[in-house]
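Please read the structure below before turning to the comments.
In the numbering used here, the protein residues as written are 40 to 616.
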């Protein structure tokens, strides 16, 4: 689907003059809502206070009592990178505070599904826990929390997903998105929530003079986990999240990452000294997610937990192999999805429906979320991909576009058509659901109709927002380096993208579907390396195309000790042949 290129409105022009910021960077910051230099201060002293997070102090008291009484605690996590980092952080910090009986349990997605279900409580009971702590899940686990209560197990629910009409009857719930919580940052990832609780717990332990006979714990040593989970979960990087991510990245660059994160960077061929947020999101996160998608997330959690570099390297290699398997499975599923779309005769001249559902027998439950995301990016429409579940069930994974709140859409469908959806949960851009196989067609119709009711004010053409054109003197290594480390960049605080028209000096495929280019800038002698990932092989490479309009990120390529400017192409359109 053709994309529309749109240039961002400029920001506060005085930002550069007043604060000695490069004029281009000042323009970039301004277009992302930064109006004062104070907002660029990402020191940890600028973090929102834990006391502002509803029930964080109550959770701290519950946990401090459990520590004092040496209770058996069990952390129940989720099977994605946010859940894995949340679990590793909760276990690590509690042990650092002196807990001697704390373990974790992550449900296998194929056997137990998502969250604290009654079945998971039954499994947990084998560990004889006195307190269950959910991380990155639990806000919709009404039946599971009730089952724990009936079994005499206390529950602390920590989550960031949107709450339903009813809350579970947990002893304490901490979730910035629960009713009555006025915490200014609603965008904390699950790992951010549990980190805040641990900050509150440390304050409570100080009040109890817990550290009178113990060394006080520096929670900064866990910020590499917070950064990884926050970036991998693609939550909006508001200022509070940028503070957390910035601090975690600084720790990694300083060579202080835990062995598991260092090992995952190594297998992904990323240098810790130059790591940025996108390395966590596109290199480390997917390798951890592969464990939850194809096998057992405990592999990823143990990789993050182990203090032994040798064990971490071995576990990282297992995650690397799983990620390679995931790619093969995903490629096959994408091919099948493309065949389904081809039957709809969709091309650049056709307008796709406002939403899409896709299902094929044999698709892998653990990979449908990635498939939905790929098709969503291709069509710029909300997409739900389904795979076979247990018995007559279908499991669905939904991905959405800006302006269409996918969890609210599912809630509306469930309200209009009672019983059509067995269960669902999620947030604005991603959600999961379960259907009876026989209801797939009826759901598909209801889903498309519901999206249609909300799509009037939604931009249904994919848009690339550009920060403008760069002058020849700006296409230099120094500025590329400045931009690389000026973030952290991510969701709702996007890395700068520029546009321009270039001549093509050479083009060739690398890695089967990536286009390596050497580009020339008109009226100059400047030659620039560029790469475009996952190009349309029906169009590229084509030696007849001489000129191209591109949208790109200005980046630094490091190879064999050499550092050069490289354009990371986000979109390219032939201008002439």
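Ideal placement from N, C-alpha and C gives every residue a C-beta, glycine not left out. Please read all numbers here as calculations on a predicted model, not as lab measurements.
Note on the stretch 427 to 488: whole beta strand (DSSP E) runs with a minimum of 3 residues are 432 to 438, 462 to 465, 469 to 475, in chain order. The count of Cβ pairs closer than 8 Å, one atom from the stretch 487 to 497 and one from the stretch 567 to 585, stays below three, leaving the stretches out of contact. The continuous alpha helix (DSSP H) containing residue 266 extends over residues 262 to 271. For residue 325, the number of other beta carbons within 10 angstroms of its own is at least 16, and it is reported as buried.
A residue is called buried once 16 or more other Cβ atoms fall within 10 Å of its Cβ, and residue 41, having fewer, is exposed. Separation of residue 588 and residue 509 (C-alpha to C-alpha, rounded to the nearest whole angstrom) is 13 Å.
54 is the residue among 90, 378, 54, 98 whose C-alpha sits nearest the C-alpha of residue 77.
Residue 234 sits in a helix when the DSSP states are folded into three classes.
Nearest Cα to residue 183 within the set 82, 165, 154, 170: 154.
Restricting attention to 481, 597, 583, 452, the CA atom closest to the CA of residue 523 is found in 597. Between residue 471 and residue 436, the C-beta gap is smaller than 7 Å, which places the two residues in contact. By the neighbour-count definition (other C-beta atoms within 10 Å, threshold 16), residue 75 is an exposed residue.
Put simply, the backbone Cα of residue 553 is about 40 Å away from that of residue 86. Check the Cα spacing between residue 488 and each of 421, 65, 526: the tightest is with 421. In this chain, the beta strand (DSSP E) harbouring residue 112 covers 112 to 115. Residue 613 is bridged by DSSP to 587. Note on geometry: alpha-carbon atoms of residue 287 and residue 81 lie some 11 Å from one another. In this structure, the beta-carbon distance from residue 444 to residue 275 does not fall below 7 Å. Judged by their CB atoms, residue 291 and residue 98 are not nearer to each other than the 7 Å cut-off.
Scanning its chain for C-beta atoms nearer than 7 Å, with the 5 sequence neighbours on each side dropped, one finds around residue 138 the residues 106, 112, in chain order. For residue 603, the three-state secondary structure derived from DSSP is strand. For residue 547, the enclosing beta strand (DSSP E) has its first and last residue at 537 to 549.
Buried is the label assigned to residue 217, since at least 16 other Cβ atoms lie within 10 Å of its Cβ. For residue 395, the uninterrupted beta strand (DSSP E) run begins and ends at 395 to 398, by DSSP. Unbroken alpha helix (DSSP H) stretches of 4 residues or longer found wholly inside the stretch 270 to 326: 278 to 292, 298 to 306, given in chain order.
According to the DSSP assignment, residue 247 belongs to no beta strand (DSSP E), since it is labelled neither H nor E. In the structure shown, residue 173 falls within a strand segment according to DSSP collapsed to helix, strand and coil.
Looking at the DSSP output, residue 505 sits in a beta bridge with 46.
In this model, residue 250 and residue 464 are separated by some 40 Å (Cα to Cα). A residue is called buried when at least 16 other Cβ atoms come within 10 angstroms of its Cβ; residue 367 does not meet this threshold and is exposed. Rounded to the nearest angstrom, the gap between the Cα atoms of residue 454 and residue 486 is 12 Å. Only exposed fits residue 381, as fewer than 16 other CB atoms lie within 10 angstroms of its CB. Taking the Cα positions, residue 190 is about 34 Å away from residue 451.
Each of 544, 49, 565 was checked against the Cα of residue 582, and the nearest Cα belongs to 544.
Listed in chain order, the non-local C-beta contacts of residue 163 below 8 Å within the same chain comprise 113, 115, 144, 171, 187, 192, local neighbours out to five positions each way being set aside.
In the structure shown, residue 595 adopts extended strand secondary structure according to DSSP, grouped into three states.
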